[in-house]
Each structure stands twice: as C-alpha cells, then as structure tokens.
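Numbering (our numbering), first residue to last: 502 to 698.
Taking it in order: structure first as structure tokens, then the write-up.
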C-alpha cells in the first residue's frame with residue numbers, strides 16, 4: 502500500500518520550488534491500524550531533481566553530567582547519553598542495560614586512571630572485583646559503585662534481587678558516582694597546579 506498524498510509546501514527565493522528551493526510533501530499512512538501523518542522534505546538543487554532530507558523527529562535530549570567527566574571516560578558519556586535516549590523512547594527494557602554498561606565504563610576508566618599499571622587486569626576482571634579491590638580507599642564511592650552494580654545487574658538478569666530499587670535509583674547512584682569522580686579529577690588537577698615542581 503502506498504501512503505496517501507495530503508498536501509505540499511515549498512519555499513524559494515523566486516517563489517517556486519522549481520527554481521531551487523525546498524519543498525515538503527505531507528502524506529498519511531494508508532494502513533488501517535496506523536493512519537498517521539508524516540512529512541517528507543526535499544531540496545530541489547537542479548531542474549527535475551529533488552533530494553530527500555533525512556530527519557529525526559526526536560527532540561534533542563539534554564543529558565546533565567559533570568562537565569569534566571568526559572575527560573575521565575568519554576565512552577561513559579556516549580553510552581549514558583544513548584541509554585537516556587532509549588529511556589526517553591520508552592524502551593524501558595534496554596535503558597537499564599545501557600545505564601549499567603555506562604557505569605562499568607565510568608568506574609573502570611576511573612580506576613584505570615588511578616592504577617595505570619593494572620590497566621589490562623582491570624579491563625578483564627568483573628566489575629564487582631574492581632569495586633572491592635580498587636575502591637577501598639574511597640568507601641563512599643565504593644558504596645555507590647556497589648549499589649550501581651547490584652541494581653544494574655537486576656536490569657540485565659532474568660531474576661531481580663533488589664525489588665526495592667529501580668531505574669531511577671540506578672541513575673541517581675550513577676550520577677552521584679560521576680560527581681564524586683569528577684570532583685576527584687578536579688582535586689587532582691588542583692594538586693598538580695599547587696604542588697611545587
């Protein structure tokens with residue numbers, strides 16, 4: 502089935518889309534269980550040819566993370582942002598998995614930045630062991646990271662073990678961990694600035 506043509510619109514300097522400009526065509530899906538309207542826009546660059554413009558009708562999602570956290574883990578920022586998009590699209594069964602993966606990158610990248618000599622070991626071992634072995638000097642961060650791992654594992658496993666916590670708790674603990682890590686990053690920067698050469 503083809504969509505039904507509903508209308509069109511155009512804009513150009515000369516008043517005609519034929520003279521190079523943009524034009525849009527409004528369609529309506531012809532499937533009975535859909536019947537939604539949609540718009541396809543084209544740019545008319547040369548006579549007889551129109552090139553469609555790809556659009557995403559998704560509004561931009563603002564992700565609030567500490568400013569410098571991408572210096573510690575740019576992959577965390579990317580995965581966390583994608584998980585936020587999944588959540589905004591009501592993809593609740595995969596958003597938690599994404600947040601859990603993002604947290605693993607954040608925690609491991611932070612631990613690697615503090616223990617560069619153990620980088621290959623840290624990359625390979627389970628997150629729980631990284632948290633217990635490498636974050637003991639920071640008990641509050643260790644508690645946050647452990648909470649993130651536990652709730653995050655509930656998002657990835659068949660059986661939930663912590664029914665009293667949910668996706669919002671997972672995000673709250675991830676953001677608190679990111680703030681702690683960002684503050685520690687800034688403190689290290691301040692120490693290097695104020696330390697005598």
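Glycine residues also receive a C-beta, built at the ideal position from the N, C-alpha and C atoms.
Inset, instruction - State yes or no: is the C-beta of residue 736 within less than 7 Å of the C-beta of residue 683? - result: Because the chain in this structure spans residues 502 to 698, residue 736 falls outside the shown range and cannot be described.
Inset, instruction - Note down the Cα distance separating residue 612 from residue 641, rounded to an integer number of angstroms. - result: One C-alpha to the other measures close to 15 Å.
Inset, instruction - Output the distance between the C-alpha atoms of residue 603 and residue 584, rounded to the nearest integer angstrom. - result: 8 Å
Inset, instruction - Taking 8 Å as the threshold, find out whether the stretch 588-606 comes into contact with the stretch 645-660 through three or more Cβ pairs. - result: Counting C-beta pairs with one atom in each stretch, the stretch 588-606 and the stretch 645-660 have three or more that are closer than 8 Å, which means they touch.
Inset, instruction - List the residues that DSSP assigns as beta-bridge partners of residue 544. - result: 523 and 552
Legend entry - Extent of the continuous alpha helix (DSSP H) run through residue 567: Note, residue 567: premise wrong, no alpha helix (DSSP H); not H, not E.
Inset, instruction - Indicate the three-state DSSP secondary structure (helix, strand or coil) for residue 673 in the structure shown. - result: helix
Inset, instruction - Could you check what DSSP says for residue 609 in three-state terms: helix, strand or coil? - result: helix
Inset, instruction - Leaving aside the five residues before and after residue 661 along the sequence, list all residues of the same chain whose C-beta is less than 7 Å from its C-beta, in chain order. - result: 655
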